[in-house]
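Trainee: Protein chains in written order, with our numbering: chain A, -16 to 341; chain B, 3 to 241.
Where is the CB? At the ideal position from N, CA and C, for every residue including glycine.
In this text the structure is predicted, and so the values were computed from the model without any measurement.
Pasting a structure below so you can have a look.
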């Protein structure tokens, strides 16, 4: 990794008494797609507005390529797309051309660049249409085209898919992913959908109360959340309170509700911990009396709830504590999975993660 | 009925033959009201932007004054302008009483609050994020403001229609500060009052027809522009 395209240092912003941004350091590499996730009010949109120079921070610096330019200079290197398409009340063509017109690009070049980017986003046939005559998905495509036509160094996306219905969202995110792969653009993508973040991002930053609490690859953030807020946000359904009971064969032994759980990480931790187990790491087999498994942790229990999730069942197992597992429909039907059934729920020591609980 | 029919016939003849009084009053009306509406736009649009987009101490007071000003009785405006411009008044030394500038001053005072008030509401009806969006696509502050006015154009044109309509058809203030001096400050409305007083109904009707035509033509032109691109409402395809 280089010195970073975008460097944020000691950035603080307040609305009245409320601290909405409090970021010690964040470095984004050139060409990187960084997803920013976090609960409502975590300061995600504020961070984008600060980067886009649409707000002045109380203190701190945001530098591009190591330099701090003047406001217009920085704004001209970037483009931002909001949750609403925010199209101007004119034609689709004039909307997409906007950023080029304000930069006084020559007419012929505007014409060809607008057509090219409209083609990439599948809105070429709409160029003559009034912007008020578009569907939600079309409007957001035009909004993205309007940002991309500028060929910005930095693209800021503030929940661009949040108002779209699932099929529209799916096709747009696939197209966007394709376009981003082709362009040399650095992206900050704010979303509250972790699936979007995982699909599109090189790294994920998790924000809470104005701070960045974790930055890492999707795998890191999903499997090794730093606290219970992040764990909850990235879909760790089993968030258990435990205490470190000791170490054995190179693993940490954590006691949860009187049961021992072996965890691969946890070295150096003492006393109170949070124990995280992703539901897809928990496997379930029918309790046929002669259970065999290679997994370190297995618990006998009863299925208390079974939710149909489409491709999966979400099974809730009461085994002294509650464990949630995702079971494929196929294995569920092979086992004859049902509420009230006795099962073994198991997961490996590497399928669990512990952090200190304060 | 004869009087009206004869009056209309004579009026048409007067208009077609280019009657000096009719021509003079018409040009004077267009000159004063046109100038006043342009001045009102030049002052009212930035003022409307300022009041719509910023917050500063005293802003609410100014907005209240603008709103009150939208309903100001023109006769009262005329009276106060006259008081200021009379030879003994605070601005008497300017010697503007019974002059074209005096008429324009009164008309600006009538039209300015209308223009400003409509601009404020036109801007405030826009999604506030449009402003951020323009900036986030690289617009300068001036380009962003231009974009906002374009976005608000439909409502903003109402400001022009309302301002122009209010002052070209106004008589009380114009009479009071202009004096309806032949060849100098006689405009359509004051000329109509004068001709009716004299019993010259043909001229009064001729002047009235011209006044109606001007107001209607101005309104029609602006409405035509305003209604462009709104066909979607009729088709029900707008979303």
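Please name the residue or residues paired with residue 257 of chain A in a DSSP beta bridge.
Mentor: Taking the first chain and counting its residues from 1, one reaches residue 257 of chain A at position 274. Answer is A:224 and A:338.
Trainee: Would you be able to state if there are at least three C-beta pairs under 8 Å between the region 128 to 139 of chain B and the region 164 to 184 of chain B?
Mentor: Counting Cβ pairs under 8 Å, fewer than three are found: no touch.
Trainee: Give the DSSP-derived three-state secondary structure of residue 197 of chain A in the structure shown.
Mentor: For this step, residue 197 of chain A is matched to residue 214 along the first chain. Correct three-state label for residue 197 of chain A: strand.
Trainee: Tell me, to the nearest whole angstrom, how far the beta carbon of residue 21 of chain A is from that of residue 191 of chain A; I am working on the premise that it is less than 8 Å.
Mentor: Sequence index remark: in the first chain, residue 21 of chain A carries index 38 (1-based). Sequence index remark: in the first chain, residue 191 of chain A carries index 208 (1-based). Yes, residue 21 of chain A and residue 191 of chain A are in contact; Cβ-Cβ is about 6 Å, under 8 Å.
Trainee: Report, in whole angstroms, the separation of the C-beta atoms of residue 157 of chain B and residue 127 of chain B, which I expect to be a contact under 8 Å.
Mentor: The residue given as residue 157 of chain B occupies position 155 in the second chain. The residue given as residue 127 of chain B occupies position 125 in the second chain. Contact flag correct, Cβ pair sits at about 6 Å.
Trainee: Comparing C-alpha positions only, which one of B:200, B:5, B:51 and B:214 sits nearest to residue 130 of chain B?
Mentor: Sequence index remark: in the second chain, residue 130 of chain B carries index 128 (1-based). Nearest option by C-alpha distance: B:51.
Trainee: DSSP state of residue 281 of chain A, grouped into three classes?
Mentor: Numbered from 1 along the first chain, position 298 holds the residue referred to as residue 281 of chain A. If DSSP states are grouped into helix, strand and coil, residue 281 of chain A belongs with the strands.
Trainee: Where does residue 271 of chain B fall in DSSP's three states?
Mentor: This structure cannot speak to residue 271 of chain B, because chain B is shown only from 3 to 241.
Trainee: Going by C-alpha to C-alpha distance, which of B:184, B:195 and B:70 sits closest to residue 25 of chain B?
Mentor: On the second chain, position 23 is the one that residue 25 of chain B refers to. Nearest C-alpha to residue 25 of chain B: B:184.
Trainee: Give, in chain order, every residue of the region 45 to 63 of chain A whose Cβ lies closer than 8 Å to some Cβ of chain D.
Mentor: The chain labelled as chain D is not found among the protein chains of the depicted structure, namely A and B.
Trainee: Would you say residue 168 of chain B and residue 120 of chain B are within 8 Å of each other, going by their C-beta atoms?
Mentor: Here residue 168 of chain B is taken as the residue at index 166 of the second chain, counted from 1. Here residue 120 of chain B is taken as the residue at index 118 of the second chain, counted from 1. Their beta carbons are not under 8 Å apart, which means residue 168 of chain B does not touch residue 120 of chain B by this criterion.
Trainee: For residue 330 of chain A versus residue 248 of chain A, is the C-beta spacing smaller than 8 Å?
Mentor: By 1-based counting over the first chain, the position of residue 330 of chain A is 347. By 1-based counting over the first chain, the position of residue 248 of chain A is 265. Contact flag unset, no.
Trainee: Tell me whether residue 222 of chain B sits in a helix, a strand or coil according to DSSP, three-state version.
Mentor: Counting from one through the second chain, the residue named residue 222 of chain B turns up at place 220. Residue state, collapsed to three classes: helix.
Trainee: Between residue 245 of chain A and residue 236 of chain A, how many whole angstroms is the CB-CB distance? I'm expecting something under 8 Å.
Mentor: Along the first chain, read from residue 1 onward, the residue named residue 245 of chain A stands at position 262. Along the first chain, read from residue 1 onward, the residue named residue 236 of chain A stands at position 253. Confirmed, Cβ separation roughly 6 Å.
Trainee: Residues of chain B with CB closer than 7 Å to the CB of residue 35 of chain A, please, in chain order.
Mentor: For the purposes of this step, residue 35 of chain A is taken as the residue at position 52 of the first chain. What residue 35 of chain A touches in chain B: 138.
Trainee: Can you tell which of A:258, A:180 and A:187 has its C-alpha closest to the C-alpha of residue 220 of chain A?
Mentor: Indexing the first chain from 1 puts residue 220 of chain A at position 237. Closest option to residue 220 of chain A, Cα to Cα, is A:258.
Trainee: Within a Cβ cutoff of 8 Å, which residues of the same chain sit near residue 106 of chain B, ignoring the five residues on either side of it in sequence?
Mentor: Along the second chain, read from residue 1 onward, the residue named residue 106 of chain B stands at position 104. Cβ neighbours of residue 106 of chain B beyond the five flanking positions: 34, 37, 38 and 41.
Trainee: For the region 323 to 341 of chain A and the region 184 to 198 of chain B, state whether three or more C-beta atom pairs, one from each stretch, are separated by less than 8 Å.
Mentor: Contact annotation: the region 323 to 341 of chain A does not touch the region 184 to 198 of chain B, with fewer than three C-beta pairs closer than 8 Å.
Trainee: Indicate whether at least one CB of chain A lies closer than 8 Å to the CB of residue 6 of chain B.
Mentor: By 1-based counting over the second chain, the position of residue 6 of chain B is 4. Residue 6 of chain B does not count as touching chain A.
Trainee: Are the C-beta atoms of residue 72 of chain A and some chain B residue less than 8 Å apart?
Mentor: Reading the first chain from its first residue, position 89 is the one you call residue 72 of chain A. Yes, its Cβ sits closer than 8 Å to a Cβ of chain B.
Trainee: How long is the line joining the alpha carbons of residue 18 of chain A and residue 268 of chain A, rounded to whole angstroms?
Mentor: Position 35 of the first chain, counted from the start, is the residue given in the question as residue 18 of chain A. Position 285 of the first chain, counted from the start, is the residue given in the question as residue 268 of chain A. Their Cα atoms are separated by approximately 36 Å.
Trainee: So, with DSSP's three-state summary, where would you put residue 14 of chain B?
Mentor: Mapped onto the second chain, residue 14 of chain B falls at position 12. It is helical.
Trainee: How would you label residue 296 of chain A, buried or exposed, when you count the other beta carbons within 10 angstroms and need 16 or more for buried?
Mentor: Counting from one through the first chain, the residue named residue 296 of chain A turns up at place 313. Under this definition residue 296 of chain A is a buried residue.
Trainee: Going by alpha carbons, who is nearest to residue 8 of chain A out of A:194, A:39, A:109 and A:108?
Mentor: If you number the first chain from 1, residue 8 of chain A lands on position 25. For the residues A:194, A:39, A:109 and A:108, the minimum Cα distance to residue 8 of chain A belongs to A:194.
Trainee: Looking only at C-alpha atoms, which of A:265, A:225 and A:233 sits nearest to residue 241 of chain A?
Mentor: Here residue 241 of chain A is taken as the residue at index 258 of the first chain, counted from 1. Nearest C-alpha to residue 241 of chain A: A:225.
Trainee: DSSP three-state call for residue 180 of chain B: helix, strand or coil?
Mentor: In the second chain, the residue the question calls residue 180 of chain B occupies position 178. Note: residue 180 of chain B maps to helix in three-state DSSP.
Trainee: Run through DSSP, which three-state label would residue 206 of chain A get?
Mentor: Position 223 of the first chain, counted from the first residue, corresponds to residue 206 of chain A. Of the three classes helix, strand and coil, the one that applies to residue 206 of chain A here is helix, per DSSP.
Trainee: Taking all protein chains shown into account, decide if residue 166 of chain B is buried (16 or more other Cβ within 10 angstroms of its Cβ) or exposed.
Mentor: The residue labelled residue 166 of chain B in the question sits at position 164 within the second chain. It counts as buried.
Trainee: If you measure between the beta carbons of residue 177 of chain A and residue 217 of chain A, is that distance less than 8 Å?
Mentor: The residue labelled residue 177 of chain A in the question sits at position 194 within the first chain. The residue labelled residue 217 of chain A in the question sits at position 234 within the first chain. Yes, they are a contact pair.
Trainee: Residue 327 of chain A bridges to which residues according to DSSP?
Mentor: For the purposes of this step, residue 327 of chain A is taken as residue 344 along the first chain, with counting starting at 1. A:268 and A:283, per the DSSP bridge assignment.
Trainee: Below 8 Å on the Cβ atoms is my guess for residue 135 of chain A versus residue 61 of chain A; work out the distance and round it to an integer in Å.
Mentor: Here residue 135 of chain A refers to the residue found at position 152 when the first chain is read from its first residue. Here residue 61 of chain A refers to the residue found at position 78 when the first chain is read from its first residue. Confirmed, Cβ separation roughly 5 Å.
Trainee: Given residue 98 of chain A, which residues of its chain have a CB within under 6 Å of its CB, disregarding the five upstream and five downstream residues?
Mentor: What you label residue 98 of chain A is simply residue 115 of the first chain in a count that begins at 1. In its chain, beyond the 5 residues on either side, no residue has a beta carbon closer than 6 Å to the beta carbon of residue 98 of chain A.
Trainee: Look up residue 11 of chain A in the DSSP assignment and say whether it is helix, strand or coil.
Mentor: As a position in the first chain, residue 11 of chain A is number 28, starting the count at 1. Residue 11 of chain A: strand per DSSP, three-state reduction.
Trainee: Helix, strand or coil, according to DSSP, for residue 242 of chain A in the structure here?
Mentor: Position 259 of the first chain, counting from 1, holds the residue named residue 242 of chain A. Three-state DSSP puts residue 242 of chain A in a strand.
Trainee: So residue 142 of chain A and residue 175 of chain A are supposed to be a Cβ contact under 8 Å. How far apart are they, rounded?
Mentor: By one-based count along the first chain, residue 142 of chain A stands at place 159. By one-based count along the first chain, residue 175 of chain A stands at place 192. Confirmed, Cβ separation roughly 7 Å.
Trainee: Have a look at residue 115 of chain B and residue 228 of chain B and give me their C-alpha separation to the nearest angstrom.
Mentor: Position 113 of the second chain, counting from 1, holds the residue named residue 115 of chain B. Position 226 of the second chain, counting from 1, holds the residue named residue 228 of chain B. Cα-Cα distance, rounded: 21 Å.
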